[in-house]
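Remarks on the structure that follows.
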Ligand code: NAD
């Protein structure tokens with residue numbers, strides 16, 4: 024199997040790799056070098072129509088394929104991802120700018136884990152029954168929905184694309200999927216893998232293009248009955264407005280502005296190592312990154328001094344360099360957005376303790392989009408910098424005196440995706456965990472993921488939950504059958 028990246032990517036429709044009907048393409052840019060390295064199909068509603076027709080045609084057979092068979096083919100896809108780890112990781116890094124070691128260690132292994140997890144999951148999936156003593160028995164049928172749409176973002180490209188596709192396919196649906204037009208390459212390579220793995224034609228269709236031109240056509244298509252979306256709150260709002268009047272099932276995983284709450288009794292070394300990661304992993308471009316660091320007043324100065332010194336040592340460099348701890352920001356557009364946010368923080372009176380500037384590494388990356396990891400203090404909890412998602416290597420420090428104040432700060436913004444709590448006091452950990460308005464809470468750890476757990480946010484961070492049974496329930500329709508005894 025050849026997993027080299029061609030200059031022109033193609034859509035994957037009805038088992039075939041085909042060019043967009045319009046013949047139009049979008050430049051694919053390596054953010055570490057600012058060079059165009061590929062062309063991405065600029066698909067529109069006509070390509071989506073083809074994909075939907077292929078999916079509809081494949082549905083009767085795929086939805087009745089025994090779970091043991093679905094398990095086998097999805098597991099084969101996972102095997103092929105593992106066997107091609109090196110090529111996929113290099114493609115991900117070239118497309119996204121993240122360090123190559125990170126693509127190898129996290130992104131690609133997680134993509135195969137997603138397939139393996141849901142391939143196995145569907146073998147164990149069960150539905151409920153409710154007995155009415157001697158009157159009747161109810162049982163719940165959980166049936167595949169039909170054709171579903173999956174739309175994913177650029178920050179964890181293959182990782183999040185497969186996190187949706189795998190449960191949708193495992194549950195017996197046929198899928199029309201769109202990766203981000205900013206990072207579509209590994210999704211294209213996945214089409215080649217699916218062909219090789221023997222996934223029947225039309226079961227998965229991958230259509231490339233922009234949110235407006237292609238994404239909205241997927242959301243609006245009358246034959247697509249459910250949409251699973253991960254991306255910005257702004258796009259989520261638009262998608263909800265298109266899908267709600269058609270009564271489509273919706274799962275929306277949106278933005279975050281996560282608090283990292285540090286109490287003075289924390290395990291200092293563990294907290295410091297994890298906080299560096301939760302602040303700057305993937306250049307801060309993970310929806311789960313803790314961008315608001317809340318520190319108990321008695322340890323604020325000590326934390327600030329040590330944290331800033333540790334941040335100073337994070338090497339911003341070519342993502343192919345093994346020592347790179349910070350790769351490139353994903354695109355010029357996002358680079359400009361993050362730099363503007365830093366400027367806003369300055370104007371709001373924030374003090375930049377470290378970072379705040381663009382970086383131009385030597386050599387091939389001289390024109391790439393790199394930003395120093397940035398730490399800011401002295402801002403009010405209600406300012407733009409502390410209220411709006413930046414989604415880059417930028418964190419703010421705020422201090423608190425009491426547990427109540429920590430909670431007030433944590434819950435001050437409109438997002439509610441994830442939070443981290445650092446304390447050795449188990450009662451406090453439980454109290455605070457129950458009161459923080461977030462869908463995901465980590466106590467004395469960060470990004471420790473069990474794929475069986477419910478994953479998703481509250482408030483403006485989204486609607487619905489992914490992961491484990493939640494995902495398999497989302498991708499099936501529940502039907503109650505009541506039989507009188
Ligand atoms: P984005 O919303 O711009 O795009 C995400 C995807 O949606 C892309 O494929 C895009 O083409 C498509 N899209 C955009 N507008 C659309 C529309 N009107 N109709 C249909 N599709 C549309 O987000 P992004 O910039 O790619 O990703 C970053 C955002 O994703 C951040 O806000 C981040 O917090 C969020 N995110 C959330 C999670 C989570 O699990 N909650 C995970 C990762 C990223």
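Numbering (my numbering), first residue to last: 24 to 508. Ideal Cβ positions, reconstructed from N, Cα and C, are used throughout, including at glycine.
_Straight-line gap, residue 381 to residue 357 (C-alpha atoms, nearest Å)_ = 13 Å
*Have a look at residue 403 and residue 448 and give me their C-alpha separation to the nearest angstrom.*
28 Å
*What number of angstroms, rounded off, separates the C-alpha of residue 241 from the C-alpha of residue 159?*
41 Å
_Under 8 Å: do the region 425-443 and the region 462-471 share three or more Cβ pairs, one atom per stretch?_
yes
*Between residue 462 and residue 478, what straight-line distance do the alpha-carbon atoms span, to the nearest angstrom?*
7 Å
_Under the three-state DSSP convention, the category residue 404 falls into_ = coil
*Flag this pair as touching only if the region 238-252 and the region 205-220 have three or more C-beta atom pairs under 8 Å; answer yes or no.*
no
*Any heavy atom of ligand 1 closer than 7 Å to the CB of residue 249?*
no
*Would you say residue 422 and residue 329 are within 8 Å of each other, going by their C-beta atoms?*
no
*First and last residue of the beta strand (DSSP E) that includes residue 165?*
159-167
*Looking at residue 443 and ligand 1, is the gap between the Cβ and the nearest heavy atom below 7 Å?*
no
*List the whole-angstrom C-beta distance separating residue 282 from residue 333, where the pair is believed to meet the contact cut-off of C-beta under 8 Å.*
No, residue 282 and residue 333 are not in contact; Cβ-Cβ is about 20 Å, not under 8 Å.
*asked:* Threshold first: 4 residues or longer. Then list the alpha helix (DSSP H) segments lying entirely within the region 273-307, N to C.
replied: 291-303
*asked:* One question on the structure: do residue 112 and residue 142 come within less than 8 Å of each other, judged by their Cβ atoms?
replied: no
_For a minimum of 4 consecutive residues, which ranges assigned as the alpha helix (DSSP H) are wholly contained in the region 404-429?_
407-410
*Pull up the distance between the alpha-carbon of residue 495 and that of residue 233, whole angstroms please.*
28 Å
*ligand 1 heavy atom lying under 7 Å from the CB of residue 201*: yes
*Using the rule of at least 16 other Cβ atoms within 10 Å of the residue's Cβ for burial, across every protein chain shown, is residue 348 buried or exposed?*
buried
_Just to confirm, is the Cβ distance from residue 397 to residue 416 under 8 Å?_
yes
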